[in-house]
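Q: Following this message is one structure expressed as structure tokens.
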Amino acid sequence: MKRILMTVVAASFAFSAHAADVKRGQELVTKAACAACHGEGLNKPVAPEYPKLAGQHADYIYHALKAYKVTNNPNIGRSNAIMAGQVTQFTNKDLQDMAAYIASLPGTLVMKK
Numbered sequence: 004m005k006r007i008l009m010t011v012v013a014a015s016f017a018f019s020a021h022a023a024d025v026k027r028g029q030e031l032v033t034k035a036a037c038a039a040c041h042g043e044g045l046n047k048p049v050a051p052e053y054p055k056l057a058g059q060h061a062d063y064i065y066h067a068l069k070a071y072k073v074t075n076n077p078n079i080g081r082s083n084a085i086m087a088g089q090v091t092q093f094t095n096k097d098l099q100d101m102a103a104y105i106a107s108l109p110g111t112l113v114m115k116k
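For the sequence shown, position 92 matches number 95 in our numbering, and the numbering has no gaps at all.
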């Protein structure tokens, strides 16, 4: 029982140490000028081929942003020169913070079940 309790406590500390910072994410999204393409509130893209981001799941946004950093393996990366250029300046922690902020935004994104 003591071992289980110690594991739970250790896991909770590990999780809290890596919790995303929504406020910092907002600052990073502003720095990256994401709204220039994804529109006001990241919910009104300037072109139909650009996705709405507001309200999307944070884990999806994080993995998508991370995939743009992979330029040498098309099997696991995403191929988009603009996005690849945008994400290279950010650490994975930055991307987690950005994803948390984007997920917190109200949006009209429709997710079918």
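Ideal Cβ positions, reconstructed from N, Cα and C, are used throughout, including at glycine.
1. Can the beta-carbon of residue 112 be found closer than 8 Å to that of residue 57?
2. Alpha carbon to alpha carbon, what distance is there between residue 85 and residue 101?
3. How would you label residue 39, buried or exposed, when you count the other beta carbons within 10 angstroms and need 16 or more for buried?
4. Between which residues of its own chain and residue 61 is the CB-CB distance below 6 Å, once the five residues before and five after are set aside?
5. May I have the straight-line CA-CA distance separating residue 45 from residue 22, to the nearest angstrom?
6. Leaving out five residues before and five after residue 18 in sequence, what residues of the same chain have Cβ atoms less than 7 Å from its Cβ?
7. Flag this pair as yes or no: are the beta carbons of residue 32 and residue 42 separated by less than 8 Å?
A: Straight from the coordinates:
1. Between residue 112 and residue 57, the C-beta gap is smaller than 8 Å, which places the two residues in contact.
2. One C-alpha to the other measures close to 17 Å.
3. So residue 39 counts as exposed.
4. Taken in chain order, the residues that qualify are 102, 103 and 106.
5. Residue 45 and residue 22: Cα-Cα distance of roughly 22 Å.
6. Residue confidence is low: residue 18 scores 44 on pLDDT, short of 50, so the model does not pin down where it sits. Its coordinate-derived value is still stated next. Answer for residue 18: no residue qualifies.
7. The answer is no: Cβ separation not under 8 Å.
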